[in-house]
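Q: Structure in structure tokens, see below.
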Amino acid sequence: MDRLDIDIASQLAQLTLGHVRREYPHSESFRSQNVDDQPGAPGDNHPIFYGSYDWHSCVHGHWLLARLLRRFPGLPEAGHIQALFDQSYTADKVAAELAFFQRPGRAGFERPYGWCWLLKLFAELAQLEDQRSGGWRDQLQPLVYEIADRLQMYLPRLLYPIRSGTHSNTAFALLLALDYASQFDSSLAELLKAQARQYYLNDVGYQGWEPGGEDFLSPGWQEALLMKEALGVEFAEWFEAFLPELAAGRPAQLLIPVEVSDRSDGRLAHLDGLNLSRAWCQRQVLSALPASYAARDTIQASATSHLQAGAAHLQDDYMGEHWLATFLVLAFDGL
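Residue numbers (this note's numbering): 2 to 336.
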């Protein structure tokens, strides 16, 4: 399994349709302002993105379905996906989602991971609607504009990048947001590229102190993929300085798939996602390096082994089932 075809797409669509409307179990974290400010049922707070265990996973579940529908218009599940979008992207439901974000104490809700997946979803819907009419993107715009504005205000205040391997990772957020901004918001795109340079341009000799025990992103590989997009023709030189010993297999821990001890533990199950996200980053980074680059075979072999390791566990437990398919498609397709 090394590419996305209609049979795999159909399996992933069925899997995702099975959880984007599954309300429980559900996890959510936000600040309550007072005794009366208590969370309601997920579907009351989020009439669109209430499934898939948490808000951000439901958002990127929608992205996954939009991507599969765009890539494979003849998908057997196409009618079910279109019906979901027709029922979800309505003015009243988007207004309710927006109202949740605008309540006091919600300024940091889903920042930055969920924010940037929402922007990515919007960009995917825009491409999908070039093929078929739906009006979904237009309905989602008020929420998307709110989030884009929040991101533009937040980034200049983030003086240092967050280099974790989980939801707060800055490189991942900038990368997803850049896909949206390059199409719809030139001032945000300029800010994202400027911030990427500010945060990462001078990074050299990455030591590869990863993985963390609950990571689903590789801080090093994620940074490299962002800089591929931010630097363009300057990227290959930057990358050789960033990982100068890769041809010799160092740092070794960046090239070896990780193991998972307990897939029923949601945080430990993150490591299956790390294997898939590393494969995604490695394959995309490789595409930007010259044919003469000495570590091409090393990166390719690592990407293949990571992809195989992650793809084998999509449905072992709901703690992975509700989100891993998204990262499999990233590994196959890129952004």
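The C-beta atom is built at its ideal place from N, Cα and C for all residues, glycine as well.
#1: Per DSSP, what kind of secondary structure is residue 107 in: helix, strand or coil?
#2: Using the beta-carbon count (16 or more within 10 Å), is residue 324 buried or exposed?
#3: Do you know how far the Cα of residue 19 is from the Cα of residue 223?
#4: Is the beta carbon of residue 278 closer than 8 angstroms to that of residue 217?
#5: Quick check on the DSSP output: the alpha helix (DSSP H) that includes residue 248 runs from which residue to which?
#6: Helix, strand or coil, according to DSSP, for residue 217 in the structure here?
#7: Within a Cβ cutoff of 6 angstroms, which residues of the same chain sit near residue 63, ignoring the five residues on either side of it in sequence?
#8: Go to residue 278, then tell me how far its alpha helix (DSSP H) extends in each direction, as first and last residue.
#9: Rounded to the nearest angstrom, how far is the Cβ of residue 219 from that of residue 282, given a contact under 8 angstroms?
#10: At what residues does the alpha helix (DSSP H) containing residue 13 begin and finish?
#11: What residues in its chain sit with their C-beta under 7 angstroms from that of residue 111, if we drop five residues either side in the sequence?
#12: To the nearest angstrom, report how far apart residue 135 and residue 203 are at their CA atoms.
#13: How far does the alpha helix (DSSP H) with residue 27 in it reach, from first residue to last?
#14: Run through DSSP, which three-state label would residue 211 get?
#15: For residue 114, does the three-state DSSP call read helix, strand or coil?
#16: Return the CA-CA distance between residue 246 and residue 237, expressed in angstroms with no decimal places.
#17: Can you list, in chain order, the residues of its chain with a C-beta nearer than 7 angstroms to that of residue 326? Leave out the 5 residues immediately preceding and following it.
#18: By the three-class DSSP mapping on this structure, what secondary structure does residue 4 have?
#19: Would you kindly check if the distance between the Cβ of residue 148 and the Cβ of residue 94 is under 8 angstroms?
#20: Considering only residues of the same chain and omitting the five flanking positions on each side of residue 215, which have a CB-CB separation below 8 angstroms?
#21: Hey, residue 10 and residue 69: beta-carbon distance below 8 angstroms or not?
#22: Please return the same chain residues whose Cβ sits closer than 7 angstroms to the Cβ of residue 303, not counting the five positions on each side in sequence.
A: This is what the structure holds:
#1: The residue you call residue 107 lines up with position 106 of the sequence shown. In the structure shown, residue 107 sits in coil (DSSP, three-state: anything other than H, G, I, E or B).
#2: In the sequence shown, residue 324 corresponds to position 323, counting from 1. When all chains shown are included, residue 324 counts as buried.
#3: One-based indexing of the sequence shown puts residue 223 at position 222. One-based indexing of the sequence shown puts residue 19 at position 18. Whole-angstrom Cα-Cα distance: 29 angstroms.
#4: The residue labelled residue 217 in the question sits at position 216 within the sequence shown. The residue labelled residue 278 in the question sits at position 277 within the sequence shown. Taking 8 angstroms as the Cβ cut-off, residue 217 and residue 278 qualify as a contacting pair.
#5: Translated into positions along the sequence shown, residue 248 becomes position 247. Counting along the chain, residue 248 falls outside any alpha helix (DSSP H), and DSSP gives it neither H nor E.
#6: The residue given as residue 217 occupies position 216 in the sequence shown. In this structure, residue 217 counts as coil in the three-state DSSP scheme.
#7: Working through the sequence shown from its first residue, we reach residue 63 at position 62. Hits under 6 angstroms: 122.
#8: One-based indexing of the sequence shown puts residue 278 at position 277. Taken as a continuous stretch (DSSP letters only), the alpha helix (DSSP H) holding residue 278 covers 271 to 287.
#9: Taking the first residue of the sequence shown as 1, we reach residue 219 at position 218. Taking the first residue of the sequence shown as 1, we reach residue 282 at position 281. Contact holds; Cβ gap of about 6 angstroms.
#10: As a working mapping, residue 13 is identified with position 12 in the sequence shown. Element bounds for residue 13: 7 to 18.
#11: As a first step, residue 111 must be located in the sequence shown, where it is residue number 110. Closer than 7 angstroms at Cβ, skipping near neighbours: 56 and 57.
#12: As a first step, residue 135 is located in the sequence shown; it is residue number 134 there, counting from the start. As a first step, residue 203 is located in the sequence shown; it is residue number 202 there, counting from the start. Roughly 44 angstroms separates the two Cα atoms.
#13: Taking the first residue of the sequence shown as 1, we reach residue 27 at position 26. Residue 27 -> no alpha helix (DSSP H), and no H or E assigned at all.
#14: If you number the sequence shown from 1, residue 211 lands on position 210. Residue state, collapsed to three classes: coil.
#15: Numbered from 1 along the sequence shown, position 113 holds the residue referred to as residue 114. Residue 114: helix per DSSP, three-state reduction.
#16: Mapped onto the sequence shown, residue 246 falls at position 245. Mapped onto the sequence shown, residue 237 falls at position 236. If I take the Cα positions, the gap works out to 14 angstroms.
#17: Counting from one through the sequence shown, the residue named residue 326 turns up at place 325. Excluding residues within five positions, the ones whose Cβ falls inside 7 angstroms are 13, 16, 17, 65 and 315.
#18: The residue you call residue 4 lines up with position 3 of the sequence shown. Three-state DSSP puts residue 4 in coil, outside helix and strand.
#19: As a first step, residue 94 must be located in the sequence shown, where it is residue number 93. As a first step, residue 148 must be located in the sequence shown, where it is residue number 147. Against a cut-off of 8 angstroms, the Cβ pair of residue 148 and residue 94 comes out as no contact.
#20: The residue labelled residue 215 in the question sits at position 214 within the sequence shown. These residues qualify, in order along the chain: 166, 167, 268, 269, 271 and 272.
#21: As a working note, residue 10 is residue 9 in the sequence shown. As a working note, residue 69 is residue 68 in the sequence shown. Their beta carbons are under 8 angstroms apart, which means residue 10 touches residue 69 by this criterion.
#22: Taking the first residue of the sequence shown as position 1, residue 303 is located at position 302. Counting only Cβ-Cβ distances below 7 angstroms, and skipping sequence neighbours, we find 256 and 283.
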